[in-house]
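Asks: The following block contains the structure, expressed as C-alpha cells.
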Amino acid sequence: MSDSYRQAWDASVRDPEAFWGAAARAIDWFVPPERVHGADEGWFGGGVLNTAHNCLDRHVAAGRGDAAALIYDSPVTGQRREYSYSELLAETGRVAAMLRRLGVAKGDRVVLYMPMIPQTVFAMLACARIGAVHSVVFGGFAPLELAKRIDDAAPRVLLTASCGIEGSRVIAYKPMVDEALALADHPVERVVVFQRDALQAGLTAPRDLDWAELGAESAADPLPAPEPMAANDPLYILYTSGTTGTPKGVVREHGGHAVALAWSMANIYGIGAGDRFWAASDVGWVVGHSYIVYAPLLVGATTILFEGKPVGTPDPGTFWRTIAANQVKIFFTAPTAIRAIRKEDPDAAFLAQTGTGGLRAIFLAGERADPDTIAWLEEKSGLPVIDHWWQTELGWPAIATCFALGDLRRKRGSAGFPVPGYAFEVLGEDGRPVPTGASGSVTIKAPLPPGAFRTLWNNQAGFDRNFESFPGHYETGDAGHFDAEGFLHIMGRTDDIINVAGHRLSTGQMEEIVAQQDGIAECAVIGADDAVKGMIPVAFVVPRAGAADADTLVRQVIAAVRAELGAVAALKTAHVVPQLPKTRSGKILRNLLRKLANGEPFATPATIEDPAVPGLIAAALQKAHDSERV
C-alpha cells in the first residue's frame, strides 16, 4: 500500500478539520473561512468565494491568460476550437451580462437544456459568476421530465439551443422545450435560444430571445464582477432519479465543491496547471459538471469538451484520435463506451494505429466495470485502467485507486479503496458492520466530506431519508463488501435504481408508466445484464382479459416509456407473461425475474405463492428468443 495514500486517508478520518483546512488553501477566498466544519453550516463556515473567479479570473491574474482552458472537439460537426483562459473569461462575462440584462440576480435559478457546445460551459460559469443557481438538464430529455425540473427549480430563465446532434441524428430541442413549458405550472419569463447551423428554431415573441441578438445588445454592458458567495450558498441543482418517479434535486455548494474538486484533481488524477484532462461524459450528468467544467479549470488545466460518440462518429477510433490530437494526460470515460468500442473493433486496430500519445492512465466510472473489459483495455492500451465509484449525491470520487498518491494497486471487479475524506462501513440489517467478505449495505459515516450534498432542493425530508436506515451513516443504496486486502467491491443497487450506460434510471418510475397502459393487469420492470450498456430495463407484463395481442401490448409499453422518459430510458424489451412470481404476501420476486431475464440458473424460493410460475416465464422467454432467431 502506498504510504502517501495511507497517510492521507488516515489524516482525513483522524482529523478531518485539519485535513480539509489545509486543502482549502488551494482555493482563492475573498474572506477566509472562520471554521472548517459546523453541524449547521457545513464546510468552511464564514468563508466567501466565487467559483467562476477560481476557475478563470485568478488564472488570468496570475499571468496564464494565454494558456489553453477549453478545447471544443466535435467530430459530429467537424469543428475544433481552443479557448484560452482570457477568451473563456471574456465569453463567460458576455453571457453573464446577458443574464443580468434579463434581470437574473444572485439566488435566481437558470435551467440549461443544452448540447455539448462551448456556449453551455459559458452559461454554467456565467451563472456561477453572478450567483445564479444553474440546473442543467440533459439535452434530449422528454418534455414531461423537463417540466418536472422546471416546476421544482422555478427558474427565471431557460437557456437552450436549436438542436443537439446525436451521432448522425439532429434532434430538435425547441419543440421539446415548448411542450415542457406548456406542461409546467411554473411560468418561465424568458427562453434564450442558441441557433446552430444544423437546424434553426422558430422563436415565439416576446418570451423567446435569440442568443446572438441578445449578446449583441448586451455587448456594451459592463461585464459583471464575480459575486461574493458564502461557502454554503448553492452553486447548482442537478436532478437524479427518484424511486417514486419524482426527480431529486441534489444541491451543490460553492465552498466544499471547489475545495474537494481541486483536491481530487491533484491527488486522484495527478492533474495540475497546464495538463490536459478529458472526461468523455455529458454536462447533463454529474461527471460533466465536476470533471468537464469545474475541476480542470479550478486547477488551471485544459479541459476537453467532446461532442460525439465512442462509435459512429465516424468510427470506433474517435476516442483514440481525440486523445492523441489533444495531448490528453488523463482520460475518464464509462465502461459502456469501452464495451461499445470493443464490440466494433475487438482487435483494437484503431487504437494500435493511433496510439495513446502521452496518456498516463484511463479512469472508468458510471457503472460497474466488468473485469473482462478492464483486462481487454489494459492489454490493448498498455496503460493502467482504474475503475472508481461515486454518485451524483457525492459529487466526486469516493472509491478509487489514487493514482497521484502513488497507489497503483488495482483489483478487477473492485472500484478500489476509500478515497481520503470518506469513511465507509458495510452494514447488515441490524446496523452493525458485517465481517470481511460478507455483503451488506454500503454506507459512509456522517458528516460527508466537502463537495457532497447537504440537502435536496425543496426536499429536506427526502435528504434526511438517506440517513434514516443507519443513523449516523449515509446509505448509498448499493450493496457490496470489503475483501481481505481492503478493496471495496460495489455489487449492485439495493433499491430499484439501475445503471444504463452510466445513466441512473428508476425501474419503479418505468413501472408506474407501464401500469397505466390499457390492457395491463400487472407489471414489473427489472434491470437485466447487457454486454454493452451494463444493464438494460426489461418489462414483464401480465395482460388483462380481452387485452390486445401480445405484440401490440409490447409496442404500446415501449412507446409509452419512451414518450414519457425519452430515448435515454432505453426500454426496448418487454415480455407478456401469464403471471408474475410473488411471495405469499404479494411481494413480486424481482431477483428471480432478473435471473430469468439473464438466463441464469435459479432455485424456486420457498416463499413463492405458485411454484409453477418461474417455469411459465422461462418458457415465454425461450419462445421470444426463438422467435427473434427466426
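Using our numbering, the first residue of the sequence shown is number -8, and each one after it goes up by one. Glycine included, every Cβ here is placed at the ideal spot set by N, Cα and C.
Can you give me the Cβ contacts of PHE132 inside the same chain, cut-off strictly under 6 Å, excluding the 5 residues immediately before and after it?
Replies: GLY557
Asks: Considering only C-alpha positions, which residue in the set ASN223, PHE268 and GLY308 is nearest to HIS248?
Replies: ASN223
Asks: Since VAL548 and MET526 are thought to touch, with beta carbons under 8 Å apart, how far apart are those beta carbons, to the nearest angstrom?
Replies: No, VAL548 and MET526 are not in contact; Cβ-Cβ is about 18 Å, not under 8 Å.
Asks: Taking 7 Å as the limit between beta carbons, can you name the residues of its chain near ILE162, skipping five residues before and five after?
Replies: GLY131, CYS154 and GLY155
Asks: Alpha carbon to alpha carbon, how far is ILE353 from THR347? Give it in angstroms, no decimals.
Replies: 10 Å
Asks: What would DSSP say about PHE408, mapped onto helix, strand or coil?
Replies: strand
Asks: Helix, strand or coil for ALA551 per DSSP?
Replies: Helix at ALA551.
Asks: Which residue from PRO362, GLU420 and GLU416 puts its Cα closest to that of ARG401?
Replies: Measuring from the Cα of ARG401, the nearest candidate turns out to be PRO362.
Asks: With 16 as the cutoff for other CB atoms within 10 Å, does LYS371 come out buried or exposed?
Replies: LYS371 is buried by the Cβ-count criterion.
Asks: Can you find at least 3 beta carbon pairs, one from the segment 513 to 524 and one from the segment 319 to 330, that sit closer than 8 Å?
Replies: yes
Asks: Per DSSP, what are the beta-bridge partners of LEU40 in this structure?
Replies: MET220
Asks: Would you please state the rounded distance, in angstroms, between the beta carbons of PHE408 and GLY471? I believe it to be under 8 Å.
Replies: About 13 Å; that fails the 8 Å criterion.
Asks: Along the chain, where does the alpha helix (DSSP H) containing ASP64 start, and where does it finish?
Replies: Unbroken run through ASP64 is the beta strand (DSSP E), 59 to 65; no alpha helix (DSSP H).
Asks: Please report the Cβ distance between SER209 and ARG92, rounded to the nearest whole angstrom; I am assuming they are in contact, meaning their Cβ atoms lie under 8 Å.
Replies: About 5 Å separates the two Cβ atoms, so the contact holds.
Asks: Cα-Cα, which of LEU205, ILE62 and THR237 is closest to GLY499?
Replies: Minimum Cα distance to GLY499 is reached at THR237.
Asks: Three or more beta-carbon pairs under 8 Å between the segment 57 to 73 and the segment 290 to 305, yes or no?
Replies: yes
Asks: The beta strand (DSSP E) spanning GLY525 covers which residue range?
Replies: 525 to 534
Asks: So who's on the other strand from LEU190, going by DSSP bridges?
Replies: Bridge partners of LEU190: ARG187.
Asks: Alpha carbon to alpha carbon, how far is LEU399 from GLY291? Give it in angstroms, no decimals.
Replies: 25 Å
Asks: Would you say VAL278 and ALA270 are within 7 Å of each other, going by their C-beta atoms?
Replies: yes
Asks: Extract the residue ranges of the beta strand (DSSP E) inside the segment 423 to 511, only unbroken runs of 3 or more that lie entirely within it.
Replies: 431 to 436, 464 to 473, 479 to 484, 488 to 491 and 494 to 497
Asks: Hey, out of ALA588, ALA173 and THR304, whose CA is closest to VAL568's CA?
Replies: ALA588
Asks: Contact between the segment 176 to 187 and the segment 42 to 60 is defined here as three or more beta-carbon pairs at a separation below 8 Å; is this criterion met?
Replies: no
Asks: Please go through the same chain and pick out, in chain order, the residues whose beta-carbon is closer than 8 Å to the beta-carbon of GLN186, but skip the five residues on each side of it.
Replies: Hits under 8 Å: ALA152, SER153, ALA192, ASP201, TRP202 and ALA203.
Asks: What number of angstroms, rounded off, separates the C-alpha of VAL112 from the C-alpha of VAL284?
Replies: 7 Å
Asks: Out of PHE310, GLY240 and TYR465, state which residue places its alpha-carbon closest to the alpha-carbon of ALA276.
Replies: The sequence given here places Trp at residue 276; Ala does not occur at that position. Nearest of PHE310, GLY240 and TYR465 to TRP276, Cα basis: GLY240.
Asks: DSSP three-state label for ILE622, please.
Replies: Shown here, the chain extends from -8 to 621; a query on residue 622 therefore has no answer.
Asks: In angstroms, rounded to a whole number, what distance separates the CA positions of GLY38 and ALA15?
Replies: 10 Å
Asks: Considering only the beta carbon of each residue, do ALA253 and ALA17 sit closer than 7 Å?
Replies: yes
Asks: Taking Cβ to Cβ, would you say VAL274 is nearer than 7 Å to TRP448?
Replies: Cβ distance not < 7 Å, so VAL274 and TRP448 don't count as in contact.
Asks: Compare the C-alpha of ALA414 against each of SER281, SER3 and TYR(-4) and name the closest.
Replies: For the residues SER281, SER3 and TYR(-4), the minimum Cα distance to ALA414 belongs to SER3.
Asks: Quick check on ALA245: does DSSP put it in helix, strand or coil?
Replies: Reading off the sequence, residue 245 comes out as His, not Ala. Helix at HIS245.
Asks: Does the segment 134 to 145 touch the segment 210 to 218, meaning 3 or more C-beta pairs lie closer than 8 Å?
Replies: Segments in contact, no.
Asks: Grouping DSSP H, G and I as helix and E and B as strand, with all else coil, what is CYS393?
Replies: When secondary structure is reduced to three states using DSSP, CYS393 falls in the coil class, being assigned neither helix nor strand.
Asks: Is the separation between the beta-carbon of GLY431 and that of VAL410 shorter than 7 Å?
Replies: no
Asks: Can the beta-carbon of ALA360 be found less than 7 Å from the beta-carbon of PRO307?
Replies: No.
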